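Q:
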Amino acid sequence: MEYVKKTCPICGNEFVVLKKVEEKAIYCTLECLSAAQGRVRREKVSASMSV
1 MEYVKKTCPI CGNEFVVLKK VEEKAIYCTL ECLSAAQGRV RREKVSASMS
51 V
């Protein structure tokens with residue numbers, strides 16, 4: 001099995017994933033995934049409110 005190191009775009013931590021799932025693994029934890037989804041939702045809400 002081959003592994004690669006990635007850097008989480010939310011917290012900046014490095015984490016190791018299987019090379020096969022490299023493109024799918026974006027965040028190091030569910031907490032970071034949740035934070036990213038919260039940002040997207042807030043941006044959509046604020047964008048629609050300004051219209």
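Numbering (my numbering), first residue to last: 1 to 51.
All C-beta atoms in this analysis are idealised placements derived from N, C-alpha and C, irrespective of residue type, glycine included.
A quick note: this is a predicted structure, and the numbers were derived from the prediction, not measured.
Threonine 29 to glycine 38, Cα distance in whole Å?
A: Spanning the two alpha carbons is a distance of roughly 14 Å.
Q: I'd like to confirm the pairing. Which residues does DSSP put opposite leucine 18 in its beta bridges?
A: Note: leucine 18 sits in a beta bridge opposite Tyr3.
Q: Work out the CA separation of valine 16 and isoleucine 10 for me, nearest whole Å.
A: Those two C-alpha atoms are separated by around 16 Å.
Q: Tell me which residues share the same chain as alanine 25 and place their Cβ nearer than 7 Å to its Cβ, disregarding the 5 neighbours each side in the sequence.
A: Correct list, in chain order: Lys6, Val17.
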